[in-house]
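Okay, structure first, notes after.
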Amino acid sequence: MLVSVGIGHPVDPADTSEFQALAASAGTYAVAVLLANRSRPDPKYFVGSGKAEEIRQVAEANDAGIILIDQTLSPSQERNLEKLTNRRVLDRNGLILDIFSQRARSFEGKLQVELAQLSHLSTRLVRGWTHLERQKGGIGLRGPGETQLETDRRLIAKRIKTLRSRLEKLALQRDTGRHVRREVPVPTVALVGYTNAGKSTLFNALTGSDTYVADKLFATLDPTVRQLKLEDVGEVVLADTVGFVRELPHELIAAFRSTLLEARDADLLLHVVDASDPLRQERIEQVRGVLQGIGAGESPELLVFNKIDLLGEAPRVQRDANGLPTQAWISAAGMDGLMELRAAIARAVRPRQQRRTLHVQLSAGAVRSLLYQRNAVREERQLDDGSWELDVELDAAEIARFAGNPGVQLRDLAPDLVRRGEAA
């Protein structure tokens with residue numbers, strides 16, 4: 000049974016539809032949907048005693064096995080509703096945590112979900128030990144319930160500490176990987192967006208990968224990183240991250256922080272949006288809110304409106320006054336507009352790209368090799384002493400970094416290149 004509650008306003012049908020999709024993703028079948036409105040949450044039941052009784056009656060009439068509430072309940076509110084309805088009650092956070100526990104496949108993903116679940120469960124231990132509650136006074140009648148709860152809390156706290164320690168080690172490994180990629184240096188592009196916007200489908204279409212794809216919320220959780228070759232840029236690291244959703248539980252944001260740092264440290268964010276979603280602007284703002292919370296709010300962003308085949312739109316790229324791409328309209332499933340998107344990514348990931356000439360001595364042959372690996376060399380001339388003049392296209396900061404190597408000097412553009420640029 001699904002219960003959608005609007006606090007201070009009527010229930011939004013779109014929110015109810017999303018909650019139904021979340022319930023379906025968890026593997027449940029909805030036998031009844033009940034809507035409720037309140038000016039403020041009720042301390043005991045969240046929905047008020049009258050509506051709580053109605054929930055009990057509807058659940059019994061439809062033989063519902065579990066009651067899902069589309070709000071965040073306190074432990075006592077959850078417990079009171081369970082006692083009243085004699086059924087398992089789960090709030091929005093608990094439902095999302097359950098979906099995550101089903102979807103996690105990698106070792107790191109499983110640890111992250113377990114940490115989030117234990118953090119959520121630690122405030123709800125009373126419910127699991129009602130058979131050990133302290134009995135009424137009298138010699139020999141005092142039960143061990145309170146002691147058992149304290150022991151259980153200590154065990155959970157110990158497990159949480161162990162999980163955090165393991166995740167910190169994995170986070171260090173991730174940081175090392177990001178550091179190595181920065182040393183090369185290879186641009187990093189992170190796919191972000193609302194869940195079920197088509198990120199994994201786009202990831203597969205761009206990289207030829209076989210990441211799991213399904214028409215359900217949170218179909219994939221574990222971050223995947225692949226190489227992508229772009230014209231005039233060379234190799235780019237493309238990272239697929241976990242999807243966001245309205246009111247994502249704080250426990251999950253904290254647990255998946257190391258994964259979400261892929262987005263924070265990226266050179267470019269590909270913000271994938273379901274173009275057919277009537278609330279797409281609201282979804283965009285919700286994703287940007289989460290990105291702001293992890294420190295990625297100021298990262299360069301390219302909006303990718305996916306699923307244009309559902310609208311009958313043509314693929315296109317929109318640019319700002321400086322010629323930099325700001326929006327791309329594509330269909331990842333239909334492979335429409337992907338060539339234009341690749342060109343837009345190449346332009347957006349190198350917005351300050353310049354064409355300069357580097358003089359490379361024989362002793363700096365490794366730098367020449369690295370420039371070719373980056374696909375940055377546009378023209379090469381070998382001089383009489385065996386050294387090279389390389390016309391390269393790179394960011395100004397990268398050009399300065401390469402020019403800082405021993406045996407490498409920065410020169411002005413060759414005269415014919417200057418004339419060519421003036422003619423253009």
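Here numbering that gives the first Met the number 0 is used: the first residue of the sequence shown is 0, the next is one more, and so on.
Cβ atoms here follow ideal geometry from the backbone N, Cα and C, with glycine treated the same way.
Computed from a predicted structure; not experimentally measured.
The count of Cβ pairs closer than 8 Å, one atom from the stretch 225-237 and one from the stretch 151-169, stays below three, leaving the stretches out of contact. H358 sits in a strand when the DSSP states are folded into three classes. By the neighbour-count criterion, in which 16 or more other beta carbons inside 10 Å mark a residue as buried, H270 falls on the buried side. Annotation: E113 to V272 spans about 29 Å, alpha carbon to alpha carbon.
Between V46 and S275, the alpha-carbon positions lie close to 33 Å from each other. In terms of CA proximity to L201, L237 leads the group L409, L237 and M0. Here V359 is near S386, since their CB atoms are less than 8 Å apart.
In summary, H8 is exposed, with fewer than 16 beta-carbon neighbours lying within 10 Å of its beta-carbon over all protein chains present. Proximity of the stretch 285-293 to the stretch 308-317 falls short of the contact definition, fewer than three beta-carbon pairs being nearer than 8 Å. Taking 8 Å as the cut-off, the beta carbon of Q70 is found closer than this to the beta carbon of D90. Runs of alpha helix (DSSP H) with 4 or more residues, each lying fully within the stretch 63-115, are found at 74-84 and 91-102, listed in chain order. Within the stretch 316-381, complete beta strand (DSSP E) segments of at least 3 residues are found at 324-328, 352-359 and 376-381, given in chain order. Here S3 is buried. Its C-beta has 16 or more other C-beta atoms within 10 Å. When DSSP assignments are scanned along the stretch 253-298, the uninterrupted stretches of beta strand (DSSP E) that are 3 or more residues long and fall wholly within it turn out to be 267-273.
With contacts defined as CB atoms closer than 8 Å, L96 and R165 fail to qualify as a contacting pair.
Proximity to Q372 across V235, S330 and S298 peaks at V235, based on C-alpha coordinates. Fewer than three pairs of CB atoms, one per stretch, sit closer than 8 Å, so the stretch 376-390 makes no contact with the stretch 335-352. Distance check between A402 and each of V391, L357, L393 and D384 places L357 closest, using alpha-carbon atoms only. For the 8 Å CB-CB criterion, L94 and A22 form a contact. Under DSSP, R37 shares a beta bridge with I6. Beta-bridge partners of A238 (DSSP): A189 and V224. 8 Å or more divides the Cβ of K306 from the Cβ of G242.
Looking at the DSSP output, D390 shares a beta bridge with T356 and E378. When secondary structure is reduced to three states using DSSP, E300 falls in the strand class. In the three-state reduction of the DSSP assignment, G26 falls in the coil class, being assigned neither a helical nor a strand state. Residue pairing from DSSP leaves Q19 without any beta-bridge partner.
If you check the CB distance, T240 and V191 come in under 8 Å. Partner residues in a beta bridge of F202, as assigned by DSSP, do not exist.
When secondary structure is reduced to three states using DSSP, R163 falls in the helix class. Taking a 10 Å sphere around the C-beta of P12, we find fewer than 16 other C-beta atoms and assign the residue as exposed. DSSP, reduced to helix, strand and coil, places V46 outside both helices and strands of the structure shown, so it counts as coil. Nearest Cα to S298 within the set S38, L169, Q326 and A265: A265.
Residue state for V232 is assigned as coil, using DSSP reduced to three classes. The beta carbon of A331 sits closer than 7 Å to those of G197, T200, L201, A204 and N305, all from its chain and outside the five residues before and after it, given in chain order.
Rounded to the nearest angstrom, the gap between the Cα atoms of L34 and S48 is 15 Å.
Exclusion of the five residues before and after G296 leaves L290 as the residues of its chain whose Cβ lies within less than 6 Å of its Cβ.
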